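Asks:
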Amino acid sequence: MIVVGGGIGGLGAAYSLTRQGLGVRLLERAPAFGEVGAGIQLAPNCTRILDDYGLLDEAKSLGVVPDSMVMRDAVDGSELTRLDLRDLEKRYGYPYLVIHRSDLHGLLLRACERAGVELVTDATVTSYENTDGGARVTVASGGTHEADVVLAADGLHSVARGLLVDDQPVSSAYVAYRGTVPAELERVRSVDLGEVVVHIGPSCHFVHYGLRGGELLNQVAVFESPKALAGREDWGTPDELDAAFAGTCDFVREGLPFMWRDKWWRMFDRDPVMNWVHGRIALLGDSAHPPLQYIAQGAIMAIEDGWVLGEHVARHRAEDGRPDWDAALAAYEAVRPEHCRRVVTTSRAWGELWHLDGVAREQRNVLLRARDTYDYSFVDWLYGPTALTPDEEPPMFTPIPLSAADTGDRLAAVADGAA
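Note that the numbering used here has the sequence shown beginning at 4, numbered continuously upward.
#1: Which residues in the same chain have their Cβ closer than 6 Å to the Cβ of residue 205, if we skip the five residues on either side of it in sequence?
#2: For residue 278, which of 262, 318, 302, 338 has the nearest alpha-carbon?
#3: Of the residues 73, 106, 370, 397, which one's Cα is nearest the Cα of residue 58?
#4: Within this structure, are the beta carbons of residue 125 and residue 34 separated by less than 7 Å?
#5: For residue 321, which residues from the same chain have a beta carbon less than 8 Å from its beta carbon, with the 5 sequence-adjacent residues on both sides left out?
#6: For residue 146, which of 381, 30, 167 has the nearest alpha-carbon?
#7: Where does residue 38 sit, in a helix, a strand or coil, going by DSSP?
#8: Note down, one range per segment and in chain order, each beta strand (DSSP E) of at least 3 residues found wholly within the segment 285 to 327.
#9: By Cβ distance below 6 Å, which residues in the same chain neighbour residue 317 in space, the five residues on each side in sequence not counted?
#10: For the pair the segment 213 to 224 and the segment 180 to 197, tell me if three or more CB-CB distances fall below 8 Å.
#11: Among all the DSSP beta bridges, which residues are the ones paired with residue 204?
#12: For the segment 382 to 400 against the segment 104 to 119, do three or more pairs of beta-carbon atoms, one drawn from each stretch, fall closer than 8 Å, so that the two count as touching?
#13: In terms of residues, what are the limits of the beta strand (DSSP E) holding residue 227?
#14: Please report the straight-line C-alpha distance between residue 163 and residue 43, rounded to a whole angstrom.
#15: DSSP three-state label for residue 260, please.
#16: Between the C-alpha atoms of residue 409 and residue 158, what's the straight-line distance to the nearest angstrom?
#17: Pull up the DSSP beta-bridge partners for residue 43, would you.
#18: Is the beta carbon of residue 377 sitting closer than 7 Å to the one on residue 95?
#19: Would you tell me roughly how many angstroms separate the C-alpha atoms of residue 241 and residue 308, rounded to the nearest one?
#20: What does the alpha-carbon distance come out to for the pair residue 329 and residue 283?
#21: Per DSSP, residue 131 is paired with what?
#22: Leaving aside the five residues before and after residue 174 along the sequence, list all residues of the same chain whose C-beta is less than 6 Å from its C-beta, in chain order.
#23: Roughly how far, in whole angstroms, is the beta-carbon of residue 207 from the beta-carbon of residue 319, given that I think they are within contact range, below 8 Å?
#24: Helix, strand or coil: which one does DSSP assign to residue 96?
#25: With DSSP collapsed to three states, give me the class of residue 27.
#26: Hey, does residue 278 have any beta-carbon neighbour from chain C nearer than 7 Å?
#27: May I ask you to report which of helix, strand or coil DSSP gives residue 272?
#28: Please classify residue 414 as buried or exposed, where buried requires at least 16 neighbouring CB atoms within 10 angstroms.
#29: Going by the CB atoms, is the gap between residue 66 and residue 11 shorter than 7 Å?
#30: Along the alpha helix (DSSP H) that carries residue 386, what are the first and last residues, could you check?
#31: Closest to residue 114 by CA distance: which of 64, 130, 104, 17 is it?
#32: Under 7 Å, do residue 295 and residue 354 count as touching if we go by C-beta distance?
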């Protein structure tokens, strides 16, 4: 088996498939394995898989298991709603964990090394093709690699995706800035590191939570770029960052100087596709379903993809013990695209909800404040066990229209706040 791409999704898939007794060669284009970014959130649908892999305790030792997730209004700082993450762990059986991306990547890399995955760097895959009974990739040096199956975890700008669909990444016009703050600074001492907090505001939001046992505060600032909307190439610059958050509360604005201002991430996704398999070549992770980040499921979906494929390899074997790849890939494609379609489209809708202004913002706030802390109807479909077959995929939640928040409820909430 060949896995293309040494990110979180590729490493997770390589480990999953090695556990099924397969020989796996992983091709990474960079000269060394590594991961950029800062924090990442891992919901119970992911920590359940890490536990199955025997990696959850190590992940917990590297990250933080927070007590609460809190949503606040970015303009006035008031609390809108929260999740009790300790109760959530009891409901789903596994914790909600926050961890540095590089720590999660390193954990998976070490697991692959222990499992005997053949790790190859400086291998940029330029083309894919099916062969009789397998698949082949060509790398930039001109060399080729062949296997029974090629799994393309080659990211947002996937070369393999072009075998299945002629499309391009979709720009949201939003930009993310990130930064980590050392524990000794006053900024960290002013926050509760037991909370994952998001401040949502008009065309912007701000996230913070602790990392590495409280040694770091992770911050993310996201905003809609006027330059992007105008079609300019130089969009997402620091001057736009400051302007976007000028109308937010003191806590949010005081966090902006701690952002890395020499790099930023423009936010793209792709329209969902339901066909991920082309002969013996299959997509995984962002090559198949790059999402916007609003429900924190991008890396999780990639880890789920690898786990599901590994489970179907175990279920579909010929009499001689070799994988029945056609059956395993068909089973993989039967369940994962629909789940990931739901995540991609829900992420888009959630981003729109976060960034409302005017009357719509007030209506949203009324509805969020009315939500019970222990109401899990909006996350049961996401945080429960990962489906292996279409019949195991749970029903989606029922959306609540903004119009359900009437003016009387809004005025009563305002009056209660004033009192």
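Just so you know, even glycine gets a beta-carbon here, dropped at the ideal spot from N, CA and C. Keep in mind the model is a prediction, meaning the values are calculated, not measured.
Replies: A quick look at the data gives this:
#1: As a working note, residue 205 is residue 202 in the sequence shown. If we look at residue 205 and ignore the five residues flanking it on each side, its Cβ neighbours are 360.
#2: As a working mapping, residue 278 is identified with position 275 in the sequence shown. It is 338.
#3: In the sequence shown, the residue the question calls residue 58 occupies position 55. That would be 106, whose Cα lies nearest to the Cα of residue 58.
#4: Here residue 125 corresponds to residue number 122 of the sequence shown, with the count starting at 1. Here residue 34 corresponds to residue number 31 of the sequence shown, with the count starting at 1. Contact: yes.
#5: Taking the sequence shown and counting its residues from 1, one reaches residue 321 at position 318. 327, listed in sequence order.
#6: On the sequence shown, position 143 is the one that residue 146 refers to. Among 381, 30, 167, the Cα nearest to that of residue 146 belongs to 30.
#7: Locating residue 38 in the sequence shown gives position 35, where the first residue counts as 1. Residue state, collapsed to three classes: coil.
#8: none
#9: Taking the sequence shown and counting its residues from 1, the one referred to as residue 317 is at position 314. If we look at residue 317 and ignore the five residues flanking it on each side, its Cβ neighbours are 23.
#10: Two segments are said to touch when three or more pairs of C-beta atoms, one from each, lie closer than 8 Å; by this definition the segment 213 to 224 touches the segment 180 to 197.
#11: Taking the first residue of the sequence shown as position 1, residue 204 is located at position 201. 207, per the DSSP bridge assignment.
#12: no
#13: Position 224 of the sequence shown, counted from the start, is the residue given in the question as residue 227. First-last of the beta strand (DSSP E) with residue 227: 219 to 227.
#14: Translated into the one-based positions of the sequence shown, residue 163 becomes position 160. Translated into the one-based positions of the sequence shown, residue 43 becomes position 40. Whole-angstrom Cα-Cα distance: 26 Å.
#15: On the sequence shown, residue 260 is found 257 positions in, with the first residue counted as 1. When secondary structure is reduced to three states using DSSP, residue 260 falls in the helix class.
#16: Residue mapping note: residue 409 aligns to position 406 of the sequence shown, counting from 1. Residue mapping note: residue 158 aligns to position 155 of the sequence shown, counting from 1. Cα to Cα, residue 409 sits roughly 44 Å from residue 158.
#17: For the purposes of this step, residue 43 is identified with residue 40 of the sequence shown, where counting begins at 1. 102.
#18: Taking the sequence shown and counting its residues from 1, the one referred to as residue 377 is at position 374. Taking the sequence shown and counting its residues from 1, the one referred to as residue 95 is at position 92. Residue 377 is not a Cβ neighbour of residue 95, given a cutoff of 7 Å.
#19: Counted from its first residue, the sequence shown places residue 241 at position 238. Counted from its first residue, the sequence shown places residue 308 at position 305. So the two alpha carbons sit approximately 36 Å from each other.
#20: The residue you call residue 329 lines up with position 326 of the sequence shown. The residue you call residue 283 lines up with position 280 of the sequence shown. Rounded to whole angstroms, residue 329 and residue 283 show a C-alpha spacing of 8 Å.
#21: Position 128 of the sequence shown, counted from the first residue, corresponds to residue 131. Note: residue 131 sits in a beta bridge opposite 140.
#22: The sequence position of residue 174 within the sequence shown is 171, counting from 1. Same-chain partners within the cutoff: 271.
#23: Residue 207 sits at position 204 when you count from the first residue of the sequence shown. Residue 319 sits at position 316 when you count from the first residue of the sequence shown. The Cβ separation is near 47 Å, so there is no contact.
#24: As a first step, residue 96 must be located in the sequence shown, where it is residue number 93. Residue state, collapsed to three classes: coil.
#25: Along the sequence shown, one-based indexing puts residue 27 at 24. Coil at residue 27, not helix or strand.
#26: In the displayed structure, chain C is absent; only one protein chain is listed.
#27: What you label residue 272 is simply residue 269 of the sequence shown in a count that begins at 1. It is a strand residue.
#28: In the sequence shown, counting from the first residue as 1, residue 414 sits at position 411. In this prediction, residue 414 has a pLDDT of 40, which is less than 50 and means its spatial position is unreliable; what the coordinates show is noted afterwards. So residue 414 counts as exposed.
#29: Along the sequence shown, one-based indexing puts residue 11 at 8. Along the sequence shown, one-based indexing puts residue 66 at 63. Taking 7 Å as the Cβ cut-off, residue 11 and residue 66 do not qualify as a contacting pair.
#30: Taking the sequence shown and counting its residues from 1, the one referred to as residue 386 is at position 383. Looking at the DSSP string, the run of the alpha helix (DSSP H) that includes residue 386 is 383 to 386.
#31: Along the sequence shown, one-based indexing puts residue 114 at 111. Taking only the C-alpha atoms, the option nearest residue 114 is 17.
#32: Numbered from 1 along the sequence shown, position 292 holds the residue referred to as residue 295. Numbered from 1 along the sequence shown, position 351 holds the residue referred to as residue 354. Result yes, Cβ atoms of residue 295 and residue 354 sit closer than 7 Å.
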